[in-house]
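A short worksheet on the structure shown next.
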Amino acid sequence: MRLTEEQDELRSAVRSLLTKHQGDGAWDLLSGQIGAAGLAVPEEYGGAGGGARDVHVLMEELGRSLSPLPFLGSAVLTVGALLASGDREACGRLLPGLAEGASVGTLAWAERGSWDPAAIRAGAVPGPGGGWLISGTKEHVLDGPVTDVLLVAARTASGVSLFEVPAGGAGLRREPVVTMDGTRSQARWVLEGAGGRLLGADGEGGRTLEHVRDLACAALAAEQVGAAARALELTVRYAVDRVQFGRPIGSFQAVKHRLADAYVAVESARSAALGAAFAADEDPDALPAAAAVAKSVCSEAFSAVAGEMIQLHGGIGITWEHDAHRYFKRAHGSGELFGPPAHHRARLAAGLGLTAR
Numbered sequence: 000m001r002l003t004e005e006q007d008e009l010r011s012a013v014r015s016l017l018t019k020h021q022g023d024g025a026w027d028l029l030s031g032q033i034g035a036a037g038l039a040v041p042e043e044y045g046g047a048g049g050g051a052r053d054v055h056v057l058m059e060e061l062g063r064s065l066s067p068l069p070f071l072g073s074a075v076l077t078v079g080a081l082l083a084s085g086d087r088e089a090c091g092r093l094l095p096g097l098a099e100g101a102s103v104g105t106l107a108w109a110e111r112g113s114w115d116p117a118a119i120r121a122g123a124v125p126g127p128g129g130g131w132l133i134s135g136t137k138e139h140v141l142d143g144p145v146t147d148v149l150l151v152a153a154r155t156a157s158g159v160s161l162f163e164v165p166a167g168g169a170g171l172r173r174e175p176v177v178t179m180d181g182t183r184s185q186a187r188w189v190l191e192g193a194g195g196r197l198l199g200a201d202g203e204g205g206r207t208l209e210h211v212r213d214l215a216c217a218a219l220a221a222e223q224v225g226a227a228a229r230a231l232e233l234t235v236r237y238a239v240d241r242v243q244f245g246r247p248i249g250s251f252q253a254v255k256h257r258l259a260d261a262y263v264a265v266e267s268a269r270s271a272a273l274g275a276a277f278a279a280d281e282d283p284d285a286l287p288a289a290a291a292v293a294k295s296v297c298s299e300a301f302s303a304v305a306g307e308m309i310q311l312h313g314g315i316g317i318t319w320e321h322d323a324h325r326y327f328k329r330a331h332g333s334g335e336l337f338g339p340p341a342h343h344r345a346r347l348a349a350g351l352g353l354t355a356r
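To convert, note that position 154 of the sequence shown is 153 in numbering that gives the first Met the number 0; the numbers rise steadily by one, no gaps.
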């Protein structure tokens, strides 16, 4: 599994830009100069026509800098859901703006802490003029200061379906939530008879969400790898510079062993994340299992490395001013996003016909 020369150049360009620019302004630059917002959008809709491996590269770099940019929610979840819905009219109308970065999208999906389509209880009933009226509460919705395109999963008489809901429409309320990870904005969206337009076929939303979940897990795994690698890099640098008992602490065998274990965890996670990206591009049938493996392995690796970062930095590692706590909080938050490792291991076991005893 090797990346192309073009993908290596993409990595260099993204890293250079994020080193110089952070915050919301970086989204305009990343979209305008590199085309990040439209990376996975087909060329017919104004995008770059890239694949999951291109997304992997960009997500690794966003993870390194713990970037708050809305790439995961807009360019992965929203774009992926629109494409998977098969609704060409909606794709033609919404994807060009998303690809340009002029609009930002989000997918309101999870309920009661679960991303399983079977757990969706929000309901949609036919409304006037051929539209739908949607009621329910959506949690853990990834978003930023502005949401232009809102997609909502709700249950109809035919099953789980996907809807486009005007973000500023009546019957809709956005409630910001305080999260442990302050670098990833989330909100709760409450719908009380909000008007919506059906995307794709009625009752086919569950299949769409399962595919989007796998794409999201593959992308998030890449972000976790990038963040874990950066956390290890900073910790190694500190172990070389920090002197104790007249020697750098990195020269002590116990510290070497812990850093070596962290390195193995990062590289193992990198292989799992790349495996999911390659599966998404080359073997879609293998994607569900590869994505579950990647999400489980990368979540645990990032948590372990972030914990070692705090421990090996000593006293400074638990201060608010040091970045260690930011990596630790991102590790915790991303580990739960789209389901914790145990959930994805259960998915793997079920796919293999295994049951827990």
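C-beta: ideal position from N, C-alpha, C; glycine also.
In this structure, E99 sits near G37, with a CB-CB distance shorter than 8 Å. Residue pairing by DSSP places L141 opposite Q185 in a beta bridge.
In terms of Cβ geometry, M58 and A221 form a close pair [threshold 8 Å].
When L311, R52, L28, W319 are compared, the shortest CA-CA separation from G249 is found for L311. Distance from the Cα of G350 is smallest, within the candidate group A288, S295, L161, A275, for A288. L16 and L29 have their C-alpha atoms spaced approximately 7 Å apart. Take P340, set aside five residues on each side of it, and the residues of its chain with a beta-carbon closer than 6 Å to its own are S295, S298, E299, in chain order.
Exclusion of the five residues before and after D180 leaves K328, R329, G332 as the residues of its chain whose Cβ lies within less than 6 Å of its Cβ. Residue pairing of P175 in beta bridges, as defined by DSSP: A186. Relative to E88, the option among G306, V265, L198 whose CA is nearest is L198. Comparing alpha-carbon positions, the option among L171, G202, V140 lying closest to T178 turns out to be V140. Minimum Cα-Cα distance from H55 among the listed residues L106, D7, S267, P283 corresponds to D7. For the pair W26 and L161, the Cα-to-Cα distance works out to about 27 Å. Within the stretch 69 to 144, the runs of beta strand (DSSP E) that reach at least 3 residues and sit entirely inside it are, in chain order, 104 to 107, 122 to 125, 131 to 141.
Sequence-distant Cβ neighbours of V265 in its own chain, meaning closer than 8 Å and more than five residues away, are V224, A227, A228, L231, A300, V304. Collapsing the DSSP output to three states places G332 in a helix.
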